[in-house]
Amino acid sequence: MATHRERSIAPWLLTGCAALILLALAFRDHWLLLTRNDLGVPRGFYPCEVRMEHGTRTRQCNIGADGIILREEQFADGTVRRTWFAEGREPLTR
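Residues in the sequence shown are numbered from 20 upward in steps of one, following our numbering.
Okay, here's the thing in structure tokens:
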């Protein structure tokens, strides 16, 4: 059976977990979760920069130390174009 102290910690833990989930949802465009490693970079979370330009939302994520960049453009009509760049310049073909 749980002690009084263990029962008093439970609401704080639940509140903390809920706050972390809300923060993750609020900033989901600013992070990229890479779950595949077929690009030759490690799996994990990578920071992204989000901008609005002329009705187009642009998200640019720097991935790994190799200079691989994902540029994702979402246009006003809802279409999304993703381009991977090797070393920040050339479109990636792996």
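Heads up, the beta-carbon is just placed ideally off N, CA and C, and yes, glycines get one too. Keep in mind it's a predicted model, so treat the numbers as computed, not measured.
Here DSSP, grouped into helix, strand and coil, assigns A43 to helix. Residue environment: I28 is assigned as exposed (fewer than 16 neighbouring CB atoms within 10 Å of its CB, all protein chains considered).
By the neighbour-count definition (other C-beta atoms within 10 Å, threshold 16), I87 is a buried residue.
I40 counts as exposed, since fewer than 16 other C-beta atoms from the protein chains shown sit within 10 angstroms of its C-beta.
In the structure shown, P110 adopts extended strand secondary structure according to DSSP, grouped into three states. The Cβ atoms of E91 and R70 lie no closer than 9 Å to each other. The Cβ atoms of P61 and L52 lie no closer than 9 Å to each other.
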